[in-house]
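Novice:
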Amino acid sequence: MLPVVAIVGRPNVGKSTLFNRLLGERQAIVHDISGVTRDRHYGESFWNDRDFTVIDTGGYLPGQSDAIVSGIRAQAEIAIREADVIVFVTDVQKGISREDDTVADLLRRQDKPVILAANKSDNSEKALDAPEFYKLGFNDLFPVSALSGSGTGELLDRLVELF
Ligand code: GDP
Ligand code: MG
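With full-length UniProt numbering, the residue at position 86 of the sequence shown is 86, and numbering never jumps.
1) Mind checking who GLY43 pairs with in its DSSP beta bridge?
2) Between ASP56 and the rest of its own chain, which residues show a CB-CB distance below 7 angstroms, the 5 nearest in sequence each way excluded?
3) State yes or no: is the C-beta of ILE46 within less than 7 angstroms of the C-beta of VAL5?
4) Classify ILE7 as helix, strand or coil using the three-state DSSP reduction.
5) Inspect the beta-carbon positions of VAL87 and VAL13 and report whether they are closer than 7 angstroms.
6) In this structure, does DSSP put ASP101 in helix, strand or coil?
7) Hey, is LYS112 close to ligand 2, as in C-beta under 6 angstroms from one of its heavy atoms?
8) Ignore the nearest five residues each way along the sequence and tell me which others in GLY35's own chain have a CB closer than 8 angstroms to its CB.
9) If you draw a straight line from the alpha carbon of GLU44 to that of VAL54, how long is it in whole angstroms?
10) What whole-angstrom Cβ distance do VAL103 and PHE138 have, given they're in contact under 8 angstroms?
11) Could you work out which residue in ALA74, LEU128 and GLY95 is closest to LEU106 when comparing CA atoms only?
12) Out of ASN123, PHE142, VAL85 and ASP129, which has the shortest C-alpha to C-alpha gap to VAL92?
13) According to DSSP, what are the bridge partners of ALA118?
14) Three or more C-beta pairs closer than 8 angstroms, one from the region 78-86 and one from the region 117-124: is that the case here?
15) Could you pull out every residue in the same chain whose Cβ sits closer than 7 angstroms to the Cβ of GLY149, ignoring the five residues on either side in sequence?
16) By the DSSP assignment, the alpha helix (DSSP H) with GLY153 in it spans what residues?
17) To the nearest angstrom, how far is the alpha carbon of ASP157 from that of PRO143?
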């Protein structure tokens with residue numbers, strides 16, 4: 001069994017973009033799993049000679065924010081159970097939201113390592129807002145841009161240390 005990395009966070013922070021970025025050129029093994037887990041996506045990746053599985057979470061029901069929050073919670077709980085390391089994605093351009101707090105509360109209540117990806121840090125000015133997310137209580141924090149790939153190498157260096 002390869003180490004498992006789960007990507008969690010509220011909708012629209014860039015989880016799927018980061019997932020695709022982490023998979024890089026080795027997308028061949030990506031597959032969707034039907035049935036109850038159809039909202040999740042699995043892929044295999046490697047970095048610094050370490051192979052690992054990545055899980056993307058998401059696919060929340062549109063509509064009421066209560067449904068969104070319980071969807072986030074359910075997805076995060078599954079991911080936490082399966083993961084060896086969790087990547088918690090947030091959006092520096094939006095700041096900390098109530099839904100980020102919901103996810104953070106869940107993650108703090110378990111003992112798996114968490115890396116916070118302060119995503120949408122597209123340039124050095126936007127990256128200045130990343131330290132705000134230390135308030136969520138996780139020490140491993142990386143400003144990244146899933147869109148451009150900037151910062152993701154540093155995140156991956158740390159990630160594979162945690163297996
Ligand atoms: P998810 O719902 O968390 O999976 O988020 P997605 O990966 O679907 O991305 C949501 C939106 O954010 C899309 O329009 C992405 O193009 C955009 N996005 C993702 N990563 C970045 C980033 O690093 N910078 C910017 N500016 N936009 C991003
Ligand atoms: Mg997604």
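Note that the Cβ used here is the ideal one computed from N, Cα and C, for glycine as well.
Specialist: Looking at the coordinates:
1) The residue given as residue 43 occupies position 43 in the sequence shown. Paired residues: VAL54.
2) Sequence index remark: in the sequence shown, residue 56 carries index 56 (1-based). ILE7, LYS15, SER16, PHE19, ARG40 and HIS41, listed in sequence order.
3) Sequence index remark: in the sequence shown, residue 46 carries index 46 (1-based). Sequence index remark: in the sequence shown, residue 5 carries index 5 (1-based). In the sequence as displayed, the identity of residue 46 is Phe instead of Ile. No, they are not a contact pair.
4) Here residue 7 corresponds to residue number 7 of the sequence shown, with the count starting at 1. In the structure shown, ILE7 sits in a strand (DSSP, three-state: E or B).
5) As a first step, residue 87 is located in the sequence shown; it is residue number 87 there, counting from the start. As a first step, residue 13 is located in the sequence shown; it is residue number 13 there, counting from the start. Not in contact: VAL87 and VAL13 (Cβ atoms no closer than 7 angstroms).
6) In the sequence shown, residue 101 corresponds to position 101, counting from 1. DSSP places ASP101 in helix when its eight states are reduced to three.
7) Position 112 of the sequence shown, counting from 1, holds the residue named residue 112. Result no, Cβ not under 6 angstroms from ligand 2.
8) Along the sequence shown, one-based indexing puts residue 35 at 35. With a pLDDT of only 40 at GLY35, under 50, the local geometry of the prediction cannot be trusted, and the value read off the model is given with reservation. Nothing meets the Cβ criterion.
9) If you number the sequence shown from 1, residue 44 lands on position 44. If you number the sequence shown from 1, residue 54 lands on position 54. Rounded to whole angstroms, the separation of the alpha carbons of VAL54 and GLU44 is 6 angstroms.
10) Position 103 of the sequence shown, counting from 1, holds the residue named residue 103. Position 138 of the sequence shown, counting from 1, holds the residue named residue 138. Wrong, their Cβ atoms sit about 11 angstroms apart, outside the cutoff.
11) Your numbering for residue 106 matches position 106 in the sequence shown. The option with the nearest alpha carbon to LEU106 is ALA74.
12) Residue mapping note: residue 92 aligns to position 92 of the sequence shown, counting from 1. That would be ASP129, whose Cα lies nearest to the Cα of VAL92.
13) If you number the sequence shown from 1, residue 118 lands on position 118. According to DSSP, which records beta bridges pairwise, ALA118 is partnered with THR90 and PRO143.
14) no
15) Looking up residue 149 in the sequence shown gives position 149. Taken in chain order, the residues that qualify are ARG21.
16) Indexing the sequence shown from 1 puts residue 153 at position 153. 152-161 is the extent of the alpha helix (DSSP H) around GLY153.
17) Here residue 157 corresponds to residue number 157 of the sequence shown, with the count starting at 1. Here residue 143 corresponds to residue number 143 of the sequence shown, with the count starting at 1. Cα atoms of ASP157 and PRO143: separation of roughly 14 angstroms, rounded to the nearest angstrom.
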